[in-house]
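Data block below; observations after.
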Amino acid sequence: MTRLARVFAAAFLSAASLLPVPALAGYSFPSVDGGTIDLEDFKGKPVLVVNTASLCGFAPQFEDMQALQDEYGEKLVVLAVPSNDFDQELADGKAAKDYCAANFDITLPMTDITHVTGPEAHPFYAMLRADHGFEPAWNFNKVLLDGDGQVVATWGSLMRPNASAVVRKIEALLN
338 MTRLARVFAA
348 AFLSAASLLP
358 VPALAGYSFP
368 SVDGGTIDLE
378 DFKGKPVLVV
388 NTASLCGFAP
398 QFEDMQALQD
408 EYGEKLVVLA
418 VPSNDFDQEL
428 ADGKAAKDYC
438 AANFDITLPM
448 TDITHVTGPE
458 AHPFYAMLRA
468 DHGFEPAWNF
478 NKVLLDGDGQ
488 VVATWGSLMR
498 PNASAVVRKI
508 EALLN
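Each residue of the sequence shown is one higher than the last, beginning at 338 in the working numbering.
Structure follows, in C-alpha cells:
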C-alpha cells in the first residue's frame, strides 16, 4: 500500500468512527409478557421511560403515564420499567402487571422487574449514569428519548408524567 493510500485509509477509518451510533441499538428489556422489548423497535418515536414500583407513594403516576399514552397514541411510547431497587415492588413482574392493570387500568408496555441503580443496573440505566450523570434516586424517575434514542430530558419522581414541562418536550419532538 502506498503512503497516500495509507493516509486516505486512515482518514476514512477516522471519519467512520465519528458516525453516530443509533442510541437505541442494543438496549432491550425482558418484557413482563415474555420475550423482549427492544428500544430500537421504537425508532422514530419519542419514548418516555419511567422506572416504577407498584407499592410506591408515587404509583398514582401510572394513571398519568397511561393518559399520555392514550392522548398521543402511536406517536409516543410510554415504557414502564418496574424495579425493586427501592424495595417497593411486588414479588414478580406478573404480580406487578396484574396490580397495575387492576388498580390503574394500565395497558402500557411494561418490562419485567429490572435493576435501575447500582452495579446490577440494566445497561440502559448504566449508560444514563455514565454518559448523562443520571441515576434514579427513587421510583418514577423519567427519561425522555427522541426518535433516534438520544436523551432529551430527565426528571425526578416529583415531576408528574403529564406535567406541562414534560408535555412541552414531548410535543416539541412530535412537531
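For each residue, glycine too, the CB sits at the ideal point set by N, CA and C.
Practice prompt. Give the DSSP-derived three-state secondary structure of Arg343 in the structure shown.
Written response: Walking along the sequence shown from the start, residue 343 turns up at place 6. With a pLDDT of only 42 at Arg343, under 50, the local geometry of the prediction cannot be trusted, and no value is derived from it.
Worksheet item: Any idea if Pro359 is buried or exposed, counting beta-carbon neighbours within 10 angstroms, 16 or more meaning buried?
Response: To locate residue 359, count along the sequence shown from 1; it is residue 22. With a pLDDT of 45 at Pro359, under the threshold of 50, the modelled position of that residue is not reliable, and the figure given next carries that caveat. The residue is exposed, with fewer than 16 neighbouring Cβ atoms inside 10 Å.
Worksheet item: Near Leu495, what residues of its chain come up, given a Cβ to Cβ distance below 6 Å and the 5 sequence neighbours on each side ignored?
Response: The sequence position of residue 495 within the sequence shown is 158, counting from 1. Excluding positions up to five away in sequence, the list is empty.
Item to complete: Please say whether Phe423 and Asn476 have beta carbons closer to each other than 7 Å?
Response: Sequence index remark: in the sequence shown, residue 476 carries index 139 (1-based). Sequence index remark: in the sequence shown, residue 423 carries index 86 (1-based). It is a contact, given that the beta carbons lie within the stated cut-off.
Worksheet entry | Cβ separation of Leu374 and Thr444, assumed to be a contact under 8 Å, to the nearest whole Å | Within the sequence shown, numbered from 1, the residue matching residue 374 stands at position 37. Within the sequence shown, numbered from 1, the residue matching residue 444 stands at position 107. For clarity, residue 374 is Ile in the given sequence; the question names Leu instead. That belief does not hold up - the Cβ atoms of Ile374 and Thr444 are roughly 14 Å apart, past 8 Å.
Discussion item. Quick check on the DSSP output: the beta strand (DSSP E) that includes Asn388 runs from which residue to which?
Written reply: Working through the sequence shown from its first residue, we reach residue 388 at position 51. Run containing Asn388: 384–389, per the beta strand (DSSP E) assignment.
Worksheet item: Which residues in the same chain as Leu465 place their Cβ atom closer than 6 Å to its Cβ, once the five residues preceding and following it in sequence are excluded?
Response: Walking along the sequence shown from the start, residue 465 turns up at place 128. Counting only Cβ-Cβ distances below 6 Å, and skipping sequence neighbours, we find Phe471.
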